[in-house]
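Same order as they appear, the protein sequences are chains A and B.
For the first sequence, my numbering begins at 821 and goes up steadily by one.
For the second sequence, my numbering begins at 2 and goes up steadily by one.
All residues carry an ideal CB built from backbone N, CA and C; glycine is no exception.
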Amino acid sequence: MSEHNQNELPPLDEPVPADWYDPVIEAYKKDVDRTLLRENLKLTVDERFRKFESFMKAVQELRGIAWKNGNAQ
Amino acid sequence: MEKRERPIKVEANFREILPLLTRHKVRFIVIGGGAGIAYGLARTTYDVDVVYARDAENIRNLAAAFQARDPYLRGAPPGLPFRWDEATIRAGLNFTLTTTLGDVDFLGEVSGGGNYEQLLPFSKELDAYGVRCRFVTLEKLIQLKRAAGRPKDLEVIAELQALLEERRKLESNA
């Protein structure tokens with residue numbers, strides 16, 4: 821928590837800093853898989869997009885299989 | 002038993018859309034999930050979100066880039082006389098479209114970020130798919146997500162903040 825920005829809120833016409841401490845966000849952050857993030861940080865931007873592509877392709881295939889199975893029943 | 006509809010093909014087609022926009026000299030900044038992926042976000046996204054510049058030349062280039070890609074208003078009933086051309090883009094601002102290349106959002110303005118010129122200082126050039134294009138910075142992306150104020154973004158903001166922390170740790174150890 822110490823690494824978060826906990827300064828006073830900026831004026832209304834300015835956005836709060838990206839690292840602003842928000843207890844709601846902190847609650848969600850407990851479920852973030854940081855090992856995945858660390859792995860992604862080792863990749864180039866291009867490699868990250870290609871990894872995303874192959875993941876989405878797998879999702880699409882699974883959706884297709886689920887659809888076929890659903891119609892076969 | 003009633004047959005279910007075939008699942009719709011959904012993908013954020015960065016591979017084709019980023020080079021296409023670049024080839025047509027469209028000035029744009031990638032925001033949303035695409036920018037998150039560029040920085041290492043481990044999430045799915047189903048469309049390409051970009052903020053485009055609203056000067057006459059850029060609008061002309063944007064119209065030309067997608068003219069042959071059958072753009073249509075996403076979620077609108079079929080058969081509307083929608084035309085993707087300079088007049089339509091000038092008359093509108095934000096367009097959420099289906100195209101033959103996948104779903105794409107062309108935004109003239111975005112909550113918390115303003116227009117292209119206002120977002121430009123908070124963007125950086127990165128290489129993807131053999132082209133160099135602009136992506137909103139990770140810090141600004143978090144601010145945009147926060148400004149959108151959608152409950153569905155809370156998980157994303159948490160992951161983006163975690164990513165920011167991990168990047169800072171890496172930088173401080175370097």
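Closer than 9 Å to chain B by CB, residue 822(A): In this prediction, residue 822(A) has a pLDDT of 42, which is less than 50 and means its spatial position is unreliable; what the coordinates show is noted afterwards. Under the Cβ criterion of 9 Å, residue 822(A) is not counted among the residues facing chain B.
Residue 872(A) in three-state terms, based on DSSP: Helix.
Separation of residue 828(A) from residue 175(B), as counted between CA atoms: Taking the straight line joining both Cα atoms gives about 30 Å.
Straight-line gap, residue 65(B) to residue 25(B) (C-alpha atoms, nearest Å): About 8 Å.
Helix, strand or coil at residue 890(A) [DSSP, three-state]: Of the three classes helix, strand and coil, the one that applies to residue 890(A) here is helix, per DSSP.
Beta bridge counterpart(s) of residue 30(B) as assigned by DSSP: By DSSP's assignment, residue 30(B) forms a beta bridge with 52(B) and 135(B).
With 16 other Cβ atoms within 10 Å as the buried cut-off, status of residue 47(B): Exposed.
Interface partners of residue 881(A) on chain B, CB under 8 Å: For residue 881(A), no chain B residue has a Cβ inside 8 Å of its Cβ, as the nearest lies near 11 Å away.
Beta bridge counterpart(s) of residue 115(B) as assigned by DSSP: Under DSSP, the beta-bridge partners assigned to residue 115(B) are 111(B).
N-terminal and C-terminal residue of the beta strand (DSSP E) that residue 98(B) is part of: Note, residue 98(B): beta strand (DSSP E), 96 to 99.
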